[in-house]
Amino acid sequence: GAVVSQHPSWVICKSGTSVKIECRSLDFQATTMFWYRQFPKQSLMLMATSNEGSKATYEQGVEKDKFLINHASLTLSTLTVTSAHPEDSSFYICSARFLGGGETQYFGPGTRLLVL
Amino acid sequence: GQQLNQSPQSMFIQEGEDVSMNCTSSSIFNTWLWYKQDPGEGPVLLIALYKAGELTSNGRLTAQFGITRKDSFLNISASIPSDVGIYFCAGGITSYDKVIFGPGTSLSVIP
Chain A
936 GAVVSQHPSW VICKSGTSVK IECRSLDFQA TTMFWYRQFP KQSLMLMATS NEGSKATYEQ
996 GVEKDKFLIN HASLTLSTLT VTSAHPEDSS FYICSARFLG GGETQYFGPG TRLLVL
Chain B
4 GQQLNQSPQS MFIQEGEDVS MNCTSSSIFN TWLWYKQDPG EGPVLLIALY KAGELTSNGR
64 LTAQFGITRK DSFLNISASI PSDVGIYFCA GGITSYDKVI FGPGTSLSVI P
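From first to last, the protein sequence lines are chains A and B. The number in the numbering used here is simply the position in the first sequence, starting from 1, with 935 added. The number in the numbering used here is simply the position in the second sequence, starting from 1, with 3 added.
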């Protein structure tokens, strides 16, 4: 149980375009979803926390107008990287938590973004 | 703010050996989580700990929640090549609504 999927698994786009990444909880209802960014050989950096039906809470230094997060249902959250630039190239990973599951987060497989 | 330290940063061991790694902090946590990440994939939950002193096993893996609530360790017995990866600890505080990740321990197993 507690399976989280992400789509797409990788994406290449031109500079200036927008990219949407989907995160789905497949077998549970995710009251809270998290979006992380990970650079090579580094730990996970939390970008934002989103609760279903409310606005996301962004970490300090993360531009909310650049990284748009929508958590419209208990099984789906989306991250849109707007006007992507090469420095946005990274590994983006979502995680989900369910009510009654404490602080335990279950991660998706990640999305590799390359901006040319 | 809260910060986690993991040691060792990396380790190279012979197949069949036991492995021990730990996670420490100057802050108190009420949840400790251990994850393994393979290259190009998301972290996979190995063990979740919810109570000080708790000792939990998952196959060849054993993890303990330190009684001071400021540390946790993970042991792997009889290592095998597929144990290779990055092991992350994460500490959680209920009122904080998120977890803090350590920098990771890179494990290499020599066949």
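No residue lacks a Cβ here, since even glycine has one placed at the ideal position from N, Cα and C.
Supposed close pair residue i, residue j - CB separation, criterion 8 Å
i	j	result
Ser33 of chain B	Arg63 of chain B	This sequence places Asn at residue 33 of chain B; Ser is not what is there. In fact, because the Cβ distance is near 27 Å, the residues do not count as touching under 8 Å.
Ser1024 of chain A	Ile1004 of chain A	Contact doesn't hold; Cβ gap of about 19 Å is too wide.
Trp112 of chain B	Ile89 of chain B	Note that residue 112 of chain B corresponds to Val in the displayed sequence, not to Trp. Going by Cβ atoms, the distance from Val112 of chain B to Ile89 of chain B rounds to 13 Å, so no, they are not a contact pair.
Ser1030 of chain A	Val946 of chain A	With 8 Å as the limit, Ser1030 of chain A and Val946 of chain A do not qualify as a contact, their Cβ atoms being about 19 Å apart.
Thr21 of chain B	Asn78 of chain B	Residue identity check: residue 21 of chain B is Asp in the sequence provided, not Thr. About 7 Å; that satisfies the 8 Å criterion.
CB contact check: residue i to chain B, cutoff 8 Å
i	result
Glu1038 of chain A	yes
Tyr1027 of chain A	no
Thr1015 of chain A	no
Ser978 of chain A	yes
Pro943 of chain A	no
Phe1002 of chain A	no
Thr984 of chain A	yes
is_contact[residue i, chain A] using C-beta, thresh 8 Å
i	result
Lys101 of chain B	yes
Ala51 of chain B	yes
Of the listed residues the options, nearest to residue i (C-alpha basis)
i	options	result
Gln6 of chain B	B:Gly56, B:Ser109 and B:Ala93	B:Ala93
His1020 of chain A	A:Ile1028, A:Ser1012, A:Leu1049 and A:Gln973	A:Leu1049
First and last residue of the uninterrupted beta strand (DSSP E) at residue i
i	result
Asp74 of chain B	Asp74 to Ile79
Gly45 of chain B	Run containing Gly45 of chain B: none; DSSP gives neither H nor E here.
Phe974 of chain A	Taken as a continuous stretch (DSSP letters only), Phe974 of chain A belongs to no beta strand (DSSP E), as it is neither H nor E.
Tyr53 of chain B	Unbroken run through Tyr53 of chain B: none, as it is neither H nor E.
Ser28 of chain B	Val22 to Ser28
Residue i versus residue j - alpha carbon distance
i	j	result
Asp1000 of chain A	Val954 of chain A	13 Å
Trp35 of chain B	Phe68 of chain B	7 Å
Leu58 of chain B	Gly996 of chain A	37 Å
Arg959 of chain A	Leu1011 of chain A	5 Å
Cys26 of chain B	Ser109 of chain B	13 Å
Phe1026 of chain A	Gly56 of chain B	35 Å
Cβ of residue i within 8 Å of any chain D Cβ
i	result
Leu58 of chain B	The structure shown has no chain D; the protein chains it does contain are A and B.
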